[in-house]
Each structure stands twice: as structure tokens, then as C-alpha cells.
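Following: one structure in C-alpha cells, then a few remarks.
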Amino acid sequence: MEPHRPPITTTNVVTAAVALVVVAIAIIALVAMPWGEPTVSEMERDVWTSLLLPNEEAWPLILEPETVSLEDEPLSLLRIDWDRRLAQLDPEIREGAIEASVDFRRKNARRWPIANDFPPEAHVRVMTPEEVRAFRTEDGPHWPEFYRMFAGGKDHGAIWVLLSRVGFSRNGTWAIVLIDQMSGGKSGVMELLLLRWTGSAWEREEILVQGIS
12 MEPHRPPITT TNVVTAAVAL VVVAIAIIAL VAMPWGEPTV SEMERDVWTS LLLPNEEAWP
72 LILEPETVSL EDEPLSLLRI DWDRRLAQLD PEIREGAIEA SVDFRRKNAR RWPIANDFPP
132 EAHVRVMTPE EVRAFRTEDG PHWPEFYRMF AGGKDHGAIW VLLSRVGFSR NGTWAIVLID
192 QMSGGKSGVM ELLLLRWTGS AWEREEILVQ GIS
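Take any residue in the sequence shown, note its place counting from 1, add 11, and you have its number in the working numbering.
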């Protein structure tokens with residue numbers, strides 16, 4: 012008895028065709044684009060700042076001293092989801108988004124240091140290695156110590172932030188970046204974002220992946 016084969020439908024054909032186009036564009040971009048910058052660029056810092064401002068509550072934003080890599084959570088858990096989401100984007104933005112995704116993967120193959128030179132109004136503080144060791148214990152994040160160091164002992168008085176490096180399309184119009192924010196281990200939001208440059212500012216175009224961290 013021959014195994015059952017699902018019928019070939021127009022929807023299946025279109026879905027397969029879109030997936031092939033996504034793969035083809037990614038391969039072309041991979042060949043054409045140079046390796047991501049050896050250091051975090053000013054353009055990337057502008058994207059980070061756009062995500063951290065406005066900080067209306069003026070809570071301290073406490074950054075990890077290095078970017079997350081593809082092998083770190085949450086990025087290590089998102090690859091299938093964001094590839095699927097890229098394939099679902101509107102055709103007019105899909106090519107630029109895929110180029111940005113290729114650059115994003117290259118830059119985030121390893122961790123990179125984050126300099127502590129954000130604008131004062133962002134209320135950003137980059138953790139020192141000693142602070143990281145005091146906070147990140149073998150049993151997980153030690154939130155009482157976090158609040159002692161950064162919020163005067165006040166619960167939920169500061170936010171822990173993880174950032175990735177930023178991937179750009181070749182024309183610099185599209186960008187992909189991850190931001191993960193958590194407070195107290197009880198509430199947090201992780202977002203992999205597609206941003207668009209308007210000519211004067213970076214604006215959120217799509218949330219590629221979102222989750223509770």
C-alpha cells in the first residue's frame with residue numbers, strides 16, 4: 012500500500028516558492044555583503060539609543076557588558092521562528108529584511124563589548140565584570156543583589172537589559188536587533204525587531220519575534 016500523500020494545492024506551491032526565494036536572497040546577500048564590522052559602529056549605537064529612549068520613568072537601565080551571541084539565550088531559541096517570520100513579510104520589505112538578517116547573524120556569531128557612553132537622559136549603566144559575577148550566580152540571577160547595587164535596595168527600581176548587535180541591509184534602510192528587558196525575574200519582554208530608517212529616525216516596522224522573558 013502506497014503512503015498517503017497530501018494533495019498539491021496552490022497554497023502549498025506558493026508557500027514553497029516564497030521559501031525558495033527567501034533562501035536565494037539570503038545566499039546572494041551572504042556572498043555580496045562583507046563581514047560585519049569588527050567593532051560596534053556608531054550606526055548600531057544610534058539604533059540602541061532609539062530603543063532605550065525615551066526613558067520616561069527614569070529607571071536605571073542596567074546593560075550587560077557584552078552583546079548576546081547566537082549561542083546565548085534567547086537568540087539560540089529564536090532561529091526557526093525568525094526565519095519563518097521573514098518568509099511571511101510583505102514582498103516590498105522582505106529583501107531588505109533578509110539582508111539585515113544575514114548581517115545580524117554574522118555580527119552576532121560571538122559576543123562584543125558594549126561601551127558605557129550612552130546619552131545621560133537614557134539613564135543607562137553598563138555593568139562591570141564584578142557586578143555581573145555578583146548578580147549571575149550558579150543558581151541564576153540574584154535579584155536582591157541586583158537591586159542593592161543599582162536601585163538602593165528598592166524592588167523593581169531598575170531594569171536589566173540585554174542587547175544584540177544590529178544587522179543592516181546593504182542600503183542601510185533596514186535593521187534587525189534584539190532587546191530583552193527584565194525586572195525582578197518576574198516580568199520581562201524580549202523582542203526581535205525589524206526597524207526602518209525614515210531619514211531622521213529609526214522606527215519599528217515589525218516585531219519578528221516576541222516573548223515573555
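Every residue gets a Cβ at the ideal spot worked out from N, C-alpha and C, and that includes glycine.
Taking DSSP's pairing of strands, which residues face T209 in a bridge? Position 198 of the sequence shown holds residue 209. Per DSSP, none; premise fails for T209.
With a threshold of 16 other CB atoms inside 10 Å of the CB of I36, please say whether the residue is buried or exposed. Translated into positions along the sequence shown, residue 36 becomes position 25. Since pLDDT at I36 reaches only 49, below the 50 mark, its modelled position is unreliable, and no value is offered.
What is the DSSP secondary structure of W46, reduced to helix, strand or coil? The residue labelled residue 46 in the question sits at position 35 within the sequence shown. Low confidence applies to W46: its pLDDT is 41, below 50, so where it sits in the model is not reliable enough to give any reading.
Cβ of D57 versus every heavy atom of the ligand HEM: is any distance shorter than 7 Å? Inclusion of the ligand HEM in the displayed structure is not the case, the ligand content being empty and no account of it being possible.
Would DSSP call G107 helix, strand or coil? Counting from one through the sequence shown, the residue named residue 107 turns up at place 96. G107 falls in the helix class under three-state DSSP.
Out of curiosity, what's the CA-to-CA distance linking H153 and F179? Here residue 153 refers to the residue found at position 142 of the sequence shown. Here residue 179 refers to the residue found at position 168 of the sequence shown. Spanning the two alpha carbons is a distance of roughly 35 Å.
Apply the 10 Å Cβ neighbour rule to I125 and answer buried if 16 or more other Cβ atoms are within range, or exposed otherwise. Within the sequence shown, numbered from 1, the residue matching residue 125 stands at position 114. Buried, by the Cβ-count rule.
Let me know the secondary structure DSSP gives R215 once reduced to three states. Translated into the one-based positions of the sequence shown, residue 215 becomes position 204. In the three-state reduction of the DSSP assignment, R215 falls in the strand class, which pools E and B.
State the CB to CB distance for the pair L88 and N119, rounded to an integer number of angstroms; the pair is presumed to be in contact (CB under 8 Å). On the sequence shown, residue 88 is found 77 positions in, with the first residue counted as 1. On the sequence shown, residue 119 is found 108 positions in, with the first residue counted as 1. 14 Å between Cβ atoms; not a contact.
Would a check of beta-carbon distances place I187 closer than 8 Å to chain D? Given the protein chain composition of this structure (a single chain), no chain D is represented.
Using the beta-carbon count (16 or more within 10 Å), is V200 buried or exposed? As a first step, residue 200 is located in the sequence shown; it is residue number 189 there, counting from the start. That one is exposed.
What runs of the alpha helix (DSSP H), each 4 residues or longer, lie entirely inside the stretch 56-86? none
Considering only their Cβ atoms, is the gap separating E214 from L205 smaller than 8 Å? Start at 1 with the first residue of the sequence shown, and residue 205 comes out as number 194. Start at 1 with the first residue of the sequence shown, and residue 214 comes out as number 203. Contact flag unset, no.
Return helix, strand or coil for R122, following the three-state DSSP convention. Within the sequence shown, residue 122 is the residue found at index 111, counting from 1. Here R122 sits in coil by DSSP.
Using 8 Å as the Cβ pair cut-off and three pairs as the minimum, do the stretch 104-117 and the stretch 131-142 touch? no
Coil, strand or helix - M138 by DSSP: Taking the first residue of the sequence shown as position 1, residue 138 is located at position 127. The answer is coil: DSSP assigns M138 none of H, G, I, E or B.
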